[in-house]
Each structure stands twice: as structure tokens, then as C-alpha cells.
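Chain order of the listed sequences is A and B.
The first sequence begins at 1 in UniProt numbering and counts up one residue at a time.
The second sequence begins at 1 in UniProt numbering and counts up one residue at a time.
Glycine residues also receive a C-beta, built at the ideal position from the N, C-alpha and C atoms.
Nothing here was measured: the structure is a model prediction, and the numbers come from that model.
There are 2 protein chains.
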Amino acid sequence: MVTLAEVAQHAGVSASTVSYVLSGKRSISAGTRQRVERSIQELGYHPNAGARALASSRSNIIALMVPLRTDMYVPVMMEIAIAVATTARTHGYDVLLLTGEEGPDAVRRVTGSGLADAMILMDVELDDERLPLLRQTNQPSVLIGLPADTTGLTCVDLDFTATGALCAEHLAGLGHRDIAVIGEAPAVYERHTGFAERTLDGLRVRSQELGLRVLHRPCEGGYDVMAVTLARVFDERPRTTGFVVQNESAVEPLLALLRQQGRAVPEDVSVIAVCPDQVATQASVRLTSVAIPAQEMGRRAVEHLVAKLDGRGTDEVVLLAPELTVRASTGPVPSAG
Amino acid sequence: MVTLAEVAQHAGVSASTVSYVLSGKRSISAGTRQRVERSIQELGYHPNAGARALASSRSNIIALMVPLRTDMYVPVMMEIAIAVATTARTHGYDVLLLTGEEGPDAVRRVTGSGLADAMILMDVELDDERLPLLRQTNQPSVLIGLPADTTGLTCVDLDFTATGALCAEHLAGLGHRDIAVIGEAPAVYERHTGFAERTLDGLRVRSQELGLRVLHRPCEGGYDVMAVTLARVFDERPRTTGFVVQNESAVEPLLALLRQQGRAVPEDVSVIAVCPDQVATQASVRLTSVAIPAQEMGRRAVEHLVAKLDGRGTDEVVLLAPELTVRASTGPVPSAG
DNA sequence: AGTCGCCGTCGAAGCGCTTCGACAACCTAT
DNA sequence: ATAGGTTGTCGAAGCGCTTCGACGGCGACT
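Given below as C-alpha cells:
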């Protein structure tokens, strides 16, 4: 391993000078800088991360806590994680991957050991047990998701309330009167992950204003479960003409079942999905959808964190505005009779 | 931040004694050990990661390089990543998430800076540009995937050749004579990621032995693309009765299209997928499949790496035996006429 | 010409830990 | 009783870096 001292010797300067060339924290003459930079090149020097962390008490690492469960749409998680890693690198940070498994202990461990300078938490529950810890350490953090109490926290999330409202508006605008919401798996609601409830709230409130009748059914996804759910929906509300699907793994089963029952999309029933664009465009019917801006969320989370680490940045809740893209799965309500 | 020295003072021993209690590298009397452990508890001590890394030249971090692209089945990647993180923790390691973006530079950076003690590389190409670097550093590494030349490397992967063979055997055993392989996206082949080609090789070789005729078509997934692909297949080989699908995002489109064309699965055509069990059981038809043991691969990769780090462990290629599970998508070939 | 201030560089201290050699204290075998 | 071997603990050195204060040299003022 090449050390700073060796670079210094090779360049004929002192160690501290090399350090200042690297960090830019003091001015260095052009000549010296170039000599040092050449030596670094020639020797293939890479600063030792441990020594750096020890001396500067900054590890240049951001911890990312991803959920262990896989009952939520995994590609979204992955996309966020990759966006976090990529964005972090552009700011000179690396990303430490923590699974939810260790729970609050992981927060203690990482904070206590100085392993990471900051944390990003995904899959935050309404009343998450990691939040008190986060508030009491002075380690910067950003949540992707929205807990019940956001005091002293920075959160980035899609505005799911507005998402729900947007779906209601679109369907109401097309003349629909009875709509069904195919929600996330029951476990997601039991866990109080918030986003599912927020979507539903937004949708219900706006529906009421617009005179829509809403039937909500959680659904685990998969064909068999979806078949049962769908049967119940039409049983209870035979005049349902609009569907809002929140659980991506229920989308394709729903479309297949509707087709099988001779209900054409979008002629007889309209379907809106809340899902990444990729899913919407690759489905068997090109889906009208509200996108989940996974990359954007990851990127924004990192940028807020970096701002905090630089002493800029404040506690703040960032809700990304939802965008509804009309594709081929929604249309005007069929004329009665 | 609580330091070792403070713990030592609190417990009335020297710093080195506390260190030895922590590492277990020298024997410590029961009494002293207990006193130290109590002090650690009471003070809430966490060893500083940077200092540790500097003094011991071990960071207790494993770097995991995941592909940036998302043209491969993402949930598999995610499952591997999570298995890696979880398994690593049980061995006292944390995981650093690197994206493929930086390419070989990331390897240099991580190796050179001592940021990580070892690396796991996913999505390895046949002639991957990171491999020469890996061979010349003495940093332990494990590949998930199989490059062309494995000398001096440790690899963990599903035995895709055997997977292909297994599919051929199953279909041949059911009396099929003409089969089609719906492969990965063309980009995957162009990139020479190996696994797609290996599956095909295994399938072709065994098919020849068994007298099967094979038609291979790369396919990007999605309904429109699949429709075109399928039409061509039946155009070229009207008597095709068996399908092997390697691209998970082509599975559901294929099933839908077959249904739409009035070809019943498994009565008229049989379909085998190479995919995680979860996909196989949640599809519109319960799919006969060869599982991709993502968790197992992640776990094994870490265990090999830890073995190497402990001075045990050797360079070795581990190919996991494929397992075919018969479900409801394959059956005997329909009697002619 | 003398003083002030700035720029560029250096030396040294110290970050919190691991680890090596030293050394009491004790036990066993002669 | 004494030599030799354990066992448990300590002190000190050092890992490679950052950062602070110091200082020589120079140009810009008066």
C-alpha cells in the first residue's frame, strides 16, 4: 500500500502539503500541486479510508437501510437503492447497505461506531421504532416515506394523498361513479406503512367531493387471490366501472380476469395503476398510471443528506407531486344500458 | 462518543485489556471480563470503525458490486443483495453497495483505500474487464456468475448448463419433439453475460441427444414484442409444443398470448420457466420451473468469502444444481391429429 | 527603507484502536 | 525451596491521515 508519506517524499514536499493538495483546504502553489498530483498518479496512491475516517471523524459513507421484507414492490426498492448509490458517489460518498433485520440496533451501531456519517431509511412505518433514536442522535438522516410525526425529521416521499385524489379526479372526469380500489396486501396495512393509507385517504376525500362511491379491498396479488377479490367487488358493487390498483402484482391478474369475464378495458371498465412507468407500459394493456418516481426519491434523499452534511439543509418534508399519464386503460364510462 | 480509554478507566483496567476482552485474542480472567463488559454496557460503548480499521488493517466490510442496468430480472438481484447483507452480518461484516457504474475504477478505489476487505461481483461478463484487477490484487473476491476463464477466481452460480439440459429432459420425457426457447433480451447476449448462453448450450446438447428440435429466439419481454416473437416461432415451426422461457418478463405475455390464440396450457403447449419460485407460483398458470436460488447464491458467496478472509477457503467454482419443480404448465404432448 | 499582512509550506500532535513485548504473580515439578 | 512454565495484565508504539500553529519570504503599503 502506498501512503501519504511516500507520495510526499516522492514529490519532495511534506505530508501535510500532500494532504492539503488532496483536500483543497489551504492554497497550494500551482507548481507544487502539479508535482504532487503527478506523484499520486505515478505511485497509484489511494488514501486509506480508515486513517481518514479516524483523523477527520468523517467516513464519507451513507448508510441505507432497506426493508428485509419483500411483500412490497421490489423493483421500486432496488431502483431507489441504485439511485442512492449513484447519487452518493457523485458527491464523494459510498453507501453501506443495511437490512431492516437489525432494526434500531443497526442505527445505534452505525451511529455509535462512526461507520457512516448519515443514514437513509426506507420503508418507514407510521410509528417507527427507529425514529426516537434518529431524533436524539445528531447524525443527519433522511426518511424515504412519511411517519406520523415528522418533527425534527427530513422526509422524501411521493405525495400519496395527492396521488389518490388524482386518480379520483381522472375517473370522475370520465364519468365513472362506482370505483374499486385494489389495495396492497393486508400485511402492509397492518404494519402501518402509511403510504397505502394516505393514498386511500386522498382518494376517499376527493371521491366524496366528486360524488364517487369507493369500495376498498386489500389484495395480496397473484391470480387466485385476485379472482376472489374481484368476484366480491362485483358482487357487492355490480356497477363498478373504475379500478385503482395499488399493488403491482395485482395488475396483471386483474387485467386477465377482466378479459376472461368479457369486460373490455377501457370500454367497459377503466383501470388506473400506481406503479413505475416501466410496468405501466409493459402490461398487457398500456396502463393509465400514476408513476412512482423511485429514482427521483433516491436522488432527492441523498441531496438533502449531503446538504445537511455540508451544514446547509434543514429539516423538511418533501412531497413529490404525482403525475398521472393517460394511456390505454381508462376511458369514458359506458353509457348506461 | 465513548472511547476505549473511557471504558478502561471506568472498569479500572488498561486500554489493552478492554481491547482483548473485545477481540478475545488473549485470555482474560472471568472477573475482569465481567467488569469490562458491564462498563461497556453502562457507557454504551461502540468501537470506532475508523480507528479499528486503521490499527488492524481490516475494515470488516465486504463490497458488493451490483449491475446498474435493469434489463435483467431485478428481484433476483435484490434477493441476492439482501441475502449477502444478511449473511455478512452474521459473520460480523457490513456491506458496501457499489454500482457497476464506476466499473474497474471502483475495484481499484476500494482495494486501494482499504475501504473493504473483500468484494462480491454480480453480473459478471464472460470476459469481464474487472477480472484482471481482481487477479492481481490479493484481495479476496467471489463472483456471482461465471466468466470464460476462472483461473484464480472463486465463482458461485446456478449450473445453467444443467438447467438447460434439465428443461430438455423434462419436455422430451413428456413426448415433445419441437421446442422453442424464449431467451433473454438481445442486449444480454451481446454483453456476453454467459448464463443465457450456457442455458442454451446445455439445452441444445441434451436436445440433440434426445432428438428434440430447438428454436431459440431472444426476447425483450412485454406484450407487443412477445406477440411478434411468438408469431415468428409458430410460423417457422408450426408443430412447436414446448416452450422454455428464460426472461421472466416474457412469461406472462406468453401465457396471455397462448390463451388468446386458443392454445391451452398444458393441454396443447407446455411451458417451463427459469425463474424464482415466487414468480412460478404467482403466474396465471402455476408454472413448471427451474428455480433461481438467489438467496442461496448470496449466502454461499459470503460464506466462501469469509472462509478466504479467515485463511481457510480456496479458489473454486461452485455450481448449484438446478431443481425442476413440476407444476401445472407442462404435460404430455397432445396426440397427433 | 521599514512594517504589515498574506501566501505557501512545514512539523508535530493526535484521532481511537490493535498488538507486541514485558512482567508480576502464581502454580507445578523437581 | 527453587527453577521453569503459565496466566493475566499493562505500557508503549504505531497504523495513515488531518489539522493547527508557526514561520520564512514576498509584495504592498506608508
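Contact with chain A by residue i, beta-carbon distance below 8 Å
i: R35/B; result: no
i: T99/B; result: yes
i: N247/B; result: no
i: H304/B; result: no
i: I179/B; result: no
i: M297/B; result: no
i: M65/B; result: no
i: L68/B; result: yes
i: S59/B; result: yes
i: R239/B; result: no
i: A256/B; result: yes
i: R300/B; result: no
i: R109/B; result: yes
Rounded distance between the beta-carbons of residue j and residue i, thought under 8 Å
i: V290/A; j: T163/A; result: 5 Å
i: L146/A; j: D157/A; result: 5 Å
i: L320/B; j: E296/B; result: 6 Å
i: E236/A; j: L257/A; result: Not quite, the Cβ-Cβ distance comes to about 16 Å (not below 8 Å), so this is no contact.
i: L174/B; j: V333/B; result: 6 Å
Min CB distance residue i to chain B below 8 Å
i: V74/A; result: yes
i: I82/A; result: yes
i: Q136/A; result: no
i: D94/A; result: yes
i: S113/A; result: yes
i: E267/A; result: no
i: R89/A; result: yes
i: A328/A; result: no
i: P253/A; result: yes
i: T86/A; result: yes
i: E102/A; result: yes
Opening and closing residue of the alpha helix (DSSP H) in which residue i lies
i: R135/B; result: 131 to 136
i: T32/B; result: 30 to 43
i: D315/A; result: Unbroken run through D315/A: none, as it is neither H nor E.
i: A85/B; result: 74 to 90
i: H10/B; result: 4 to 11
i: T281/A; result: 277 to 282
i: M226/B; result: 223 to 236
i: A321/A; result: Per DSSP, A321/A belongs to no alpha helix (DSSP H) and is neither H nor E.
i: L254/B; result: 248 to 260
i: D178/A; result: Per DSSP, D178/A belongs to no alpha helix (DSSP H); it is in the beta strand (DSSP E), 178 to 182.
i: H304/A; result: 294 to 309
i: S289/A; result: From DSSP, S289/A is part of no alpha helix (DSSP H) but of the beta strand (DSSP E) over 288 to 290.
i: L212/A; result: Looking at the DSSP string, L212/A is not in any alpha helix (DSSP H), and its letter there is neither H nor E.
i: V18/B; result: 15 to 23
Endpoints, beta strand (DSSP E) assigned at residue i
i: C155/B; result: 155 to 158
i: D94/B; result: 94 to 99
i: G242/B; result: 242 to 245
i: T193/B; result: Neither: T193/B is in no beta strand (DSSP E) and is coded neither H nor E.
i: M65/A; result: 61 to 66
i: residue 339/A; result: Outside the modelled stretch of chain A, which goes from 1 to 337, sits residue 339/A, for which no answer is possible.
i: A273/A; result: 270 to 274
i: V142/A; result: 141 to 144
i: A118/A; result: 118 to 122
Exercise for the section: Please determine if the region 108 to 116 of chain B and the region 53 to 60 of chain B are in contact, where contact requires at least 3 C-beta pairs separated by less than 8 Å. Expected result: yes
Exercise for the section: Examine the Cβ distances between the region 175 to 185 of chain A and the region 233 to 252 of chain A and report whether three or more of them are shorter than 8 Å. Expected result: yes
Exercise for the section: Evaluate contact between the region 78 to 85 of chain B and the region 63 to 82 of chain A, counting only Cβ atoms and requiring at least three cross-stretch pairs below 8 Å. Expected result: yes
Exercise for the section: Assess, as a yes-or-no matter, whether the region 118 to 125 of chain B is touched by the region 97 to 107 of chain A under the definition of 3 or more beta carbon pairs within less than 8 Å. Expected result: no
Exercise for the section: Identify each residue in the UniProt domain "HTH lacI-type" (2 to 56) of chain A for which the Cβ-Cβ distance to at least one residue of chain B is less than 9 Å, and report them in chain order. Expected result: V2, G44, Y45, H46, P47, N48, A49, G50, A51, R52, A53, L54, A55, S56
Problem - Residues, ordered as in the chain, of the region 273 to 295 of chain B that lie near chain A by beta-carbon distance below 7 Å - result: Q282, S284
Practice task
Would you check if the region 278 to 288 of chain A and the region 297 to 312 of chain A touch, i.e. whether three or more CB-CB distances between them fall below 8 Å?
Solution key: no
Handout entry: Residues of the region 115 to 147 of chain A with Cβ closer than 8 Å to any Cβ of chain B, in chain order
Key = L115
Problem - Residues of the region 204 to 237 of chain A with Cβ closer than 8 Å to any Cβ of chain B, in chain order - result: G221, G222, Y223
Exercise for the section: Specify whether the region 184 to 191 of chain A and the region 217 to 226 of chain A touch according to this definition: at least 3 beta carbon pairs, one from each stretch, less than 8 Å apart. Expected result: A contact exists between the region 184 to 191 of chain A and the region 217 to 226 of chain A.
Problem - the region 72 to 80 of chain A contacting the region 88 to 97 of chain B, beta-carbon criterion three pairs below 8 Å - result: no
Handout entry: Cβ pair count under 8 Å reaching 3, the region 260 to 268 of chain A against the region 43 to 55 of chain A
Key = no
Handout entry: the region 136 to 156 of chain A / the region 189 to 208 of chain A touching (three or more Cβ pairs under 8 Å)
Key = yes
Problem - the region 177 to 201 of chain B: positions lying closer than 8 Å to chain A by Cβ - result: none
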